[in-house]
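Numbering (the numbering used here), first residue to last: 692 to 1113.
Ideal Cβ positions, reconstructed from N, Cα and C, are used throughout, including at glycine.
Notes to accompany the following structure.
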C-alpha cells in the first residue's frame, strides 16, 4: 500500500534549526515537506523524482489502501496535502508586537513564497478532477485561503484552469457541502474583485445559472457568498449586466433583501448597488428592489443600512427613470431620516453609531452614504422638489458645521446642487 506524509502531533514541541520553538510554517519549509508534498501531488513534474517516502520519515503516514497509479491514491494525496499545507494558516500566532510575533510573521511569509514557487495551487487545481464531492472539502479550503491571500495565487488558480466551465459547475453544484460551495464562491469572487481583466474568464465559465440556484440555497453562508460574488461581478464595469437580464439573475438577488440572514441582506444590497452603478441598463429590472431597499434603511446592521442607502442613490446615478418609483416608495423620507434624525446629527457631531457592523469613522457610515445618495437625488427635479417640500434644505443645513470633514463635504455638495437649479 502507498504511503503519504502526516504531520505528527508532537511537532509543535520540536525546535527549528535556529533552536527556537517550531511553528508549522518553519517545519514544512526547513524539513522539505512543501517540496515533498508538491512531488506527491504531481510526481510527473520535473525535479520531483528525488522526493521519496524516506524523505518524509518521522512525520507519520497514511495508508491509502491503494496503489500509486490508482484514483483512490490520488484523492488521498490531495486531501492529505491540503490538510498538511493548511496547518500554518490555522496555527495560533504569538501576541502582536512581540519578537515571537515578528518571527512567526516572517516564517509565514517565507512559507507562502515557497507555496508559490512550488506552484501548489496549480497542483491542487489539477487534482480536483479526480475527487468526489466529499473529497473536495480540504483542497478547496486551502485553495480559497490562498486565492484570498495574494493576487499571485489567484493568477495561478486562473492559469491552472480553476475557472474552466466544467470544473466550476461541478464545484458549484447545489448538492455539494456548504464548505465546498462557500470556498468555491470565495475564490471566484476574489478573482472578480481583483480585476476586470478576469471578467472574460468568469464569463466563459457561464456562472449566472449556477449562482442563481445558489441564491436560494438552504445554507445562509452560501446565499451570502453568492450575493457577494454577483456584486463583485459588477464591481469594475457593467460587463455582466446583459447576462443578468438573460438569465433572470436579478429577481432571485432582490429576494435576498428579505433574507433571514443579516450577512446575506448586506451582500444583496451591495450587489444591487453595483448593478445600478455603471449605467441605467438594469434600472427596469431593479425597480422591484426599491421597497426592500427602503425597508433595509432601518436594518439592525450599519453596513447593511449603508449598502441600502448606496444602492438607492445608484438607482438615480445614471438617469431619472426611477425617480417616480423612489418618491412613491418614500425612499426620500427614509434617506432623510437616516441622514438628519437626532441620532444622525449626534453621530455627525462626533458620536458613535449605536448600531452594529460599522462606525461613523470608517468613511462608510449610513449617515455619510445617505448624504451622498441624497446628493444624487437632488440632481433630478422630481426628487429635488419632493425633498424641498419635506424641509430637507433646512434639516441638512444643520449638518454643515459638523466636525467631520466628510459630512461637511457631502452637505456642501447637496447645497450646491440645490442652488444650481432654477
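Spatial distance of residue i from residue j (CA atoms)
i            : j            : result
residue 1162 : residue 1001 : Not covered by the structure: residue 1162. The range shown for the chain is 692 to 1113.
residue 991  : residue 997  : 11 Å
residue 983  : residue 873  : 25 Å
residue 786  : residue 795  : 10 Å
residue 1070 : residue 1108 : 6 Å
residue 895  : residue 1006 : 29 Å
residue 907  : residue 943  : 8 Å
residue 1012 : residue 1093 : 33 Å
residue 861  : residue 778  : 26 Å
residue 1097 : residue 1028 : 18 Å
residue 741  : residue 734  : Any reading at residue 741 must be qualified, since the residue scores a pLDDT of 40, below 50, and its modelled position is unreliable; no value is offered.
residue 1106 : residue 1003 : 20 Å
residue 1089 : residue 1024 : 17 Å
residue 807  : residue 995  : 36 Å
residue 1083 : residue 1014 : 17 Å
residue 925  : residue 954  : 19 Å
residue 838  : residue 855  : 16 Å
residue 927  : residue 880  : 13 Å
residue 935  : residue 941  : 6 Å
residue 1103 : residue 1091 : 7 Å
residue 1085 : residue 1031 : 10 Å
residue 1095 : residue 1041 : 7 Å
residue 905  : residue 932  : 19 Å
residue 770  : residue 939  : 37 Å
residue 959  : residue 802  : 36 Å
residue 1059 : residue 772  : 47 Å
residue 969  : residue 989  : 26 Å
residue 816  : residue 903  : 24 Å
residue 831  : residue 846  : 16 Å
residue 1020 : residue 962  : 20 Å
residue 739  : residue 720  : Residue placement at residue 739 cannot be trusted, given a pLDDT of 45 that sits under 50; the coordinates are not used to answer.
residue 848  : residue 788  : 33 Å
residue 1008 : residue 909  : 34 Å
residue 978  : residue 1016 : 7 Å
residue 999  : residue 987  : 6 Å
residue 1087 : residue 1022 : 16 Å
residue 793  : residue 804  : 17 Å
Buried or exposed (CB count within 10 angstroms, at least 16 for buried), residue i
i            : result
residue 768  : buried
residue 1077 : buried
residue 897  : exposed
residue 867  : buried
residue 951  : exposed
residue 993  : buried
residue 971  : buried
residue 809  : buried
residue 749  : Note that residue 749 scores a pLDDT of 40, beneath 50, so its modelled location is shaky and nothing firm can be said.
residue 916  : buried
residue 937  : exposed
residue 947  : buried
residue 919  : buried
residue 829  : buried
residue 965  : buried
residue 975  : exposed
residue 859  : buried
residue 763  : exposed
residue 1080 : exposed
residue 1178 : Only positions 692 to 1113 of the chain appear in the structure, and residue 1178 is not among them; the question remains open.
residue 756  : Unreliable positioning characterises residue 756 in this predicted model, as indicated by a pLDDT of 40, which lies under 50. A coordinate reading is not provided.
residue 1035 : buried
residue 1056 : buried
residue 818  : buried
residue 723  : exposed
residue 865  : exposed
residue 875  : buried
Option in the options with minimal Cα separation from residue i
i            : options                  : result
residue 913  : 1087, 863 and 929        : 863
residue 726  : 865, 814, 833 and 1022   : 814
residue 1100 : 1073, 960, 1039 and 730  : 1039
residue 887  : 789, 827, 857 and 922    : 922
residue 783  : 963, 716, 978 and 1020   : 716
residue 821  : 732, 1056 and 1036       : 732
residue 930  : 891, 954 and 940         : 891
residue 852  : 826, 812 and 824         : 812
residue 1075 : 834, 1111, 1055 and 1059 : 1111
residue 871  : 834, 847, 900 and 857    : 834
residue 766  : 824, 845, 788 and 1016   : 824
residue 780  : 900, 730, 840 and 790    : 840
residue 1119 : 945, 1067 and 730        : With the chain covering only 692 through 1113, there is no way to say anything about residue 1119.
Chain D contact for residue i (CB, 9 Å cutoff)
i           : result
residue 784 : This model lacks chain D altogether, as it is built from one protein chain only.
Nearest-angstrom Cβ-Cβ length linking residue i and residue j, presumed shorter than 8 Å
i           : j            : result
residue 775 : residue 728  : 6 Å
residue 985 : residue 1073 : Actually they are not in contact, since the Cβ atoms of residue 985 and residue 1073 sit about 17 Å apart, beyond 8 Å.
residue 893 : residue 842  : The pair is not a contact, with the Cβ atoms about 15 Å apart (cut-off 8 Å).
residue 980 : residue 1026 : With a Cβ gap of about 15 Å, residue 980 and residue 1026 do not count as contacting.
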